[in-house]
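*Asks:* Before I ask anything, here is the structure I am working with.
2 protein chains.
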Amino acid sequence: MDFDQTKAYEILRKLSAGKESFDFTGLDAKRVKNFTVAMAGGLHYSYAAAPVDEAVLEALQGLADEQDLIDKYRALLSGQIMNTGEGRKVLHHLTRGQLAEPVLHNGRDQRDFYFNQQERIAAFVKAVHNETIRGTTGKAFTTAVQIGIGGSDLGPRALCLALDGWATAVGRKRMDGYFISNVDPDDGAQILESLPLDQTLFVLVSKSGTTQETLANELLVNSSLQRAGLDPAKHVLAVTSETSPLAHNEAYLDSFYIDDFIGGRYSSTSAVGGVILSLVYGSATFTELLAGAHEADRLALEPKIQNNAALLDALIGVWERNFLHYPVTAILPYSQALSRFPAHLQQLDMESNGKRVNKDGQAVSYKTGPVVFGEPGTNGQHSFYQLLHQGTDIVPIQFIGFTKNQRGYDIVVDGSTSQTKLLANLAAQIIAFAKGQPVAGENRTKEFPGARPSTLIYGKTLSPASLGALLSHFENKVMFQGFAWNINSFDQEGVQLGKILTKKVLSGQSGDTALDAYSELLGIM
Amino acid sequence: MDFDQTKAYEILRKLSAGKESFDFTGLDAKRVKNFTVAMAGGLHYSYAAAPVDEAVLEALQGLADEQDLIDKYRALLSGQIMNTGEGRKVLHHLTRGQLAEPVLHNGRDQRDFYFNQQERIAAFVKAVHNETIRGTTGKAFTTAVQIGIGGSDLGPRALCLALDGWATAVGRKRMDGYFISNVDPDDGAQILESLPLDQTLFVLVSKSGTTQETLANELLVNSSLQRAGLDPAKHVLAVTSETSPLAHNEAYLDSFYIDDFIGGRYSSTSAVGGVILSLVYGSATFTELLAGAHEADRLALEPKIQNNAALLDALIGVWERNFLHYPVTAILPYSQALSRFPAHLQQLDMESNGKRVNKDGQAVSYKTGPVVFGEPGTNGQHSFYQLLHQGTDIVPIQFIGFTKNQRGYDIVVDGSTSQTKLLANLAAQIIAFAKGQPVAGENRTKEFPGARPSTLIYGKTLSPASLGALLSHFENKVMFQGFAWNINSFDQEGVQLGKILTKKVLSGQSGDTALDAYSELLGIM
């Protein structure tokens, strides 16, 4: 059912009538204590500073029930066609474990397929780490470079960065990891010029095997390898679908497979993320990440919103987007390790829910996914927080923070560690945004209006398990929002037109005088 | 005068009545040819795909004239107090050159002061490069690390990254450059563990000399230096104001100065950016960047909007924000070298114009600065472009592209170079966003509504001069918007409350039970 046809929509509309913001004067210790939900991986979701009261929560529960959000999730888990436009199942949860009946496709158990790939990856990685597999010159591999773009880049890159400090501290870092994504040749050139090529393994990732940027970068890499006298077939792996031109191809040292039931932005826990993460941090690390994600997937089956962080987060987002009319959400991790996690969530959310038609292809008359952006705190405080505190639009915030830092190296200045300062800033910002500060007198330059809502995901440490839980949380949040809005969160038709026009430009037959004129300005015609 | 009190406001309101989007069917070669403005540094600003026609342009010219935008800029250049709330002049343009009468402060010619600092930096950098100045062990310096946050980090970091490929190709790269910003101790630890400490020079940047994060990171660095048996006084420089506790301090190898008339986010062309850029790429490179910025500053004095790219860009942004009601702007450079330029512009724009009071401290009743975000193309195409093409909100876009890549290394695949593919994508996206694509039949999943506006800054190469021009363009754009909205773009009162509450938390006296409860959740109480 379309979102605005539900009874809950009408109830929520009435609850929000005349309200453009929420009064947080009642935000006290009791609310902070009560408004929290346990998540997987030792994390918790705190929504005390979210703009919701009991009446709103009850209406959001009504929306969850009326739109059958949990039933739809169960249907997805059991292999129903949830990517309706493309007629595909949506199976990324199966890369983490089984939560419903087995899903068969052409007689194959899909969980077995994904698990089998993980075992193949683990065996390959073991052979690299114990130096059974070596490069052209016989030297051991020390460096892994992923070549991919979009979902084959952002998620794996964010996770790889996120675990570097943890792995370094516990002695799990096995190789250096890098990424080449952009078709801009300067991207690949910069990375290639600093690598020990004879000790580098490249992981070429393209589900279709036809991604323009990735194929161009493959040849850029091959050309570098060849100029260094190295054999690409001994240095390049493929991660692709079994039907792609890259599959079962002797040009590659080995190949690992995914399929059409795993969308790019949901593929971090498939071979797309699994190969690079296992190479850099070991297969055990990747397995722990999967376990954290699987536990989060299980908890997301809970029907009661106050016990289901992903579902609650989704519905609070819907309340903020459709009833309080906030067009943007900020993701602000107080953890340098998560520096590129907002960029991954930006793709995950905006590509999934940036849709203007429902799952049957009819235009909807309500807002769907917001713009998502973010940078780590405290850096953001010295940048765009000015607008968040005192701008003319309200931007709801998702904070993330951990009690301990990853590397264990810290320093006491003025009686507190840097880690304590980091977290003191985080706590202070939540209150500053929610409660603001009035001013006496006419001049309101120093006035903080408050009523800026936020939520907080917190835990002890950022480890493989908590990172997996965090990843799953946002994947499931975005999925539940798509179900609530009655849209298809699993296609990306909006990327097609640009591809078509690009091909026309490259073939010299654009068919549009303005497009030719732009090509001329840019010096390619 | 407040923006909504102008006659132009009323004219623009009428012109926009009933319009939520612009019809780009008239976007043809002629419009592309005519709607372009020459900028400094060999760049051009194309606004053919901006949502403006002759009537709107005329009204925007009226707004520029009525709000005295050029006169206000001249007043700023001649040293009037434009940062009204803080009672300060705004003098970052003077770091690039003189465009109005000399500005005196306490009898000192401010241009002389900034220029003198540049000469001191150049002399110091020369001594480092010719190895007259060396570290504790007598080894030459090979690496420079900036310690700073916000404006002392984002701008200099973005510029440093932007010139790496250019400098490598022309042989101007003299040292490796890194940045430590976040108070999260993992940020500093990760960088420090990979450096040749005995050959590393640290540039400590804090105007006030009291920035919490920067002072904590200074001690983290000093502690690393000392554990390595190195003397911090031979490895750390200071960039600060003459009245700060860091000034004239024997703890530093040398010190370079700025003052209160240069705001953090406008400080890239002062010593804040000058020291690190000169160390890494040589003083001549920094001088070329300044020259490009100065030329752009000069062109921004032109009163006719169609001859003044910064002014026109500012006014198109106002039209989009206040009359077409678009809350977000995306900055999408098709150049990997500009990967962190959007993060700098995010601070520049959101911290300058995210204000809800006019320059006299009274609340305004119109929208001011938008949310700004961005990532390089083509990466973004595989991420958030879905929402930009087919989402329920229109997000205007600022594209940037260059005919040639920086490093000169490229490869031909399927008949075109990677650089040509990059630019073909850029041209294609402009047209796809503007013109969209209808569908036949009921199912609108593959429909592109079009009417998504964009502008394009284009040039031959990203060099120091064009980068300086680009930086100045956006600084001046933001300034003109602030003048149009009658706000103070040069203060940042919105950062204060968080600082105050953080201090309370760290002193154990938060005075707020909710704040204590959050501190407890995060494990710091």
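As you go down the protein sequences, you meet chains A and B in turn. Heads up: the first sequence begins at 1 in my numbering, then just goes up one per residue. Heads up: the second sequence begins at 1001 in my numbering, then just goes up one per residue. We put the CB at the ideal spot given by N, CA and C, even for glycine.
Which residues of chain B have a Cβ atom closer than 9 Å to the Cβ of Asn106 (chain A), listed in chain order?
*Replies:* Under the 9 Å cutoff, chain B gives no residues; its nearest Cβ is about 26 Å from Asn106 (chain A).
*Asks:* Can you give the beta carbon distance from Val203 (chain A) to Ala144 (chain A), rounded, assuming they're within the 8 Å contact cut?
*Replies:* Sure, about 6 Å apart at Cβ, within 8 Å.
*Asks:* Taking the alpha carbon of Glu213 (chain A) as the point to measure from, which residue in B:Gln1419, B:Ile1147 and B:Asp1112 has its own alpha carbon closest?
*Replies:* Checked all of B:Gln1419, B:Ile1147 and B:Asp1112; the closest Cα to Glu213 (chain A) is B:Gln1419.
*Asks:* Less than 7 Å between C-beta atoms, sequence neighbours within five positions excluded: which residues of the same chain meet that for Leu1372 (chain B)?
*Replies:* Per the sequence shown, the amino acid found at residue 1372 (chain B) is Val instead of Leu. Thr1329, Ile1331, Leu1345, Gln1346, Asp1349 and Met1350.
*Asks:* Identify the continuous beta strand (DSSP E) that holds Tyr334 (chain A) and give its terminal residues.
*Replies:* Its beta strand (DSSP E) spans residues Val328 to Tyr334.
*Asks:* Kindly list the residues whose CB is nearer than 7 Å to the CB of Gly1511 (chain B), restricted to its own chain and excluding five residues on each side of it in sequence; keep chain order.
*Replies:* So the list reads Lys1504, once near-sequence residues are dropped.
*Asks:* When you compare only the Cα positions, how much space is there between Ala296 (chain A) and Thr1084 (chain B)?
*Replies:* For Ala296 (chain A) and Thr1084 (chain B), the distance between alpha carbons rounds to 52 Å.
*Asks:* Taking 9 Å as the CB-CB limit, is Lys504 (chain A) close to chain B?
*Replies:* Closer than 9 Å to some Cβ of chain B, the Cβ of Lys504 (chain A) qualifies, so yes.
*Asks:* Taking 8 Å as the limit between beta carbons, can you name the residues of its chain near Arg96 (chain A), skipping five residues before and five after?
*Replies:* Closer than 8 Å at Cβ, skipping near neighbours: Thr269, Leu290, Ala291, Ala293, His294, Asp297, Gly468 and Ser472.
*Asks:* Buried or exposed for Ser352 (chain A), please, with buried defined as at least 16 other CB atoms from any protein chain shown within 10 angstroms of its CB.
*Replies:* Ser352 (chain A) comes out buried.
*Asks:* Alpha helix (DSSP H) containing Tyr1073 (chain B): first to last residue?
*Replies:* Leu1069 to Leu1077 is the extent of the alpha helix (DSSP H) around Tyr1073 (chain B).
*Asks:* Counting only runs that start and end within the stretch 1025 to 1107 of chain B, where is the alpha helix (DSSP H) found for 4 or more residues in a row?
*Replies:* Listed in chain order, they are 1029 to 1034, 1054 to 1066 and 1069 to 1077.
*Asks:* Sorted by chain position, which residues of the same chain lie with C-beta nearer than 6 Å to Val1395 (chain B)'s C-beta, five sequence neighbours on each side aside?
*Replies:* Val1328, Ala1330 and Leu1388, listed in sequence order.
*Asks:* Taking its Cβ as the centre, do 16 or more other Cβ atoms sit within 10 Å of Ile1258 (chain B), making it buried, or is it exposed?
*Replies:* By the neighbour-count rule (16 or more Cβ atoms within 10 Å), Ile1258 (chain B) is buried.
*Asks:* Nearest chain A C-beta to Ile1431 (chain B) closer than 9 Å, yes or no?
*Replies:* By this cut-off, Ile1431 (chain B) is an interface position.
*Asks:* Provide the residue span of the alpha helix (DSSP H) that contains Ile500 (chain A), from first to last.
*Replies:* Taken as a continuous stretch (DSSP letters only), the alpha helix (DSSP H) holding Ile500 (chain A) covers Gln496 to Leu506.
*Asks:* Kindly list, in the order they appear in chain B, the residues whose Cβ is closer than 9 Å to that of Leu215 (chain A).
*Replies:* Per Cβ cutoff of 9 Å: Val1413 and Asp1414.
*Asks:* When you compare only the Cα positions, how much space is there between Val1495 (chain B) and His382 (chain A)?
*Replies:* So the two alpha carbons sit approximately 7 Å from each other.
*Asks:* Using a C-beta cutoff of 9 Å, does His1382 (chain B) count as contacting chain A?
*Replies:* Chain A contact via Cβ: present.
*Asks:* When you compare only the Cα positions, how much space is there between Ser454 (chain A) and Phe24 (chain A)?
*Replies:* In a straight line, the C-alpha of Ser454 (chain A) is about 11 Å away from that of Phe24 (chain A).
*Asks:* What does a CB cutoff of less than 7 Å around Ser339 (chain A) pick up in its chain, not counting 5 residues either side in sequence?
*Replies:* Only Leu161 and Pro376 meet the Cβ criterion.
*Asks:* Expressed to the nearest angstrom, what Euclidean distance is found between the alpha-carbon atoms of Ala1337 (chain B) and Ser21 (chain A)?
*Replies:* Taking the straight line from one Cα to the other gives about 40 Å.
*Asks:* What's the gap between the Cα of Glu1086 (chain B) and the Cα of Thr1287 (chain B)?
*Replies:* If you take the alpha carbons of Glu1086 (chain B) and Thr1287 (chain B), they lie about 31 Å apart.
*Asks:* Tell me, please, which residues DSSP counts as bridged to Ala363 (chain A).
*Replies:* BP columns for Ala363 (chain A) point to A:Val357.
*Asks:* So with Cβ pairs under 9 Å, would you call Tyr541 (chain A) a contact of chain B?
*Replies:* Any question about residue 541 (chain A) goes unanswered here, given that chain A covers just 1 to 525.
*Asks:* In three-state terms, what does DSSP make of Gly401 (chain A)?
*Replies:* DSSP places Gly401 (chain A) in strand when its eight states are reduced to three.
*Asks:* With DSSP run on the structure shown, which of helix, strand or coil describes Tyr1409 (chain B)?
*Replies:* It is coil, neither helix nor strand.
*Asks:* First and last residue of the alpha helix (DSSP H) that includes Tyr1009 (chain B)?
*Replies:* Residues Lys1007 to Ser1016.
*Asks:* Considering only the beta carbon of each residue, do Pro1333 (chain B) and Gly1273 (chain B) sit closer than 9 Å?
*Replies:* Against a cut-off of 9 Å, the Cβ pair of Gly1273 (chain B) and Pro1333 (chain B) comes out as no contact.
*Asks:* I need the straight-line Cα distance from Leu462 (chain A) to Val1478 (chain B), nearest angstrom please.
*Replies:* Distance between the alpha carbons of Leu462 (chain A) and Val1478 (chain B): 38 Å.
*Asks:* What three-state label does DSSP hand Gln1146 (chain B) in the structure shown?
*Replies:* If DSSP states are grouped into helix, strand and coil, Gln1146 (chain B) belongs with the strands.
*Asks:* Relative to the C-alpha of Gly1148 (chain B), which residue among B:Ile1081, B:Arg1134, B:Gly1171 and B:Gly1209 is closest?
*Replies:* Ranking B:Ile1081, B:Arg1134, B:Gly1171 and B:Gly1209 by Cα distance to Gly1148 (chain B) puts B:Gly1209 first.
*Asks:* Scan the stretch 27 to 52 of chain A for residues whose Cβ lies nearer than 9 Å to a Cβ of chain B and list them as they occur along the chain.
*Replies:* The stretch 27 to 52 of chain A vs chain B, Cβ under 9 Å: Leu27, Asp28, Ala29, Lys30, Arg31, Val32, Lys33, Thr36, His44, Ser46, Ala48 and Ala49.
*Asks:* Between B:Val1170, B:Pro1185 and B:Ser1194, which has its C-alpha nearest Gly1177 (chain B)'s C-alpha?
*Replies:* Among B:Val1170, B:Pro1185 and B:Ser1194, the Cα nearest to that of Gly1177 (chain B) is on B:Ser1194.
*Asks:* Mind listing which residues of the stretch 180 to 193 of chain A have their C-beta closer than 7 Å to chain B's C-betas, in chain order?
*Replies:* Flagged, chain order: Ser181, Asn182, Val183, Asp184, Pro185, Asp186, Asp187, Ala189 and Gln190.
*Asks:* Assign Ala1127 (chain B) to buried or exposed, taking buried as 16 or more other Cβ atoms, counted over all protein chains shown, within 10 Å of its Cβ.
*Replies:* It is exposed - the Cβ of Ala1127 (chain B) has fewer than 16 other Cβ atoms within 10 Å.
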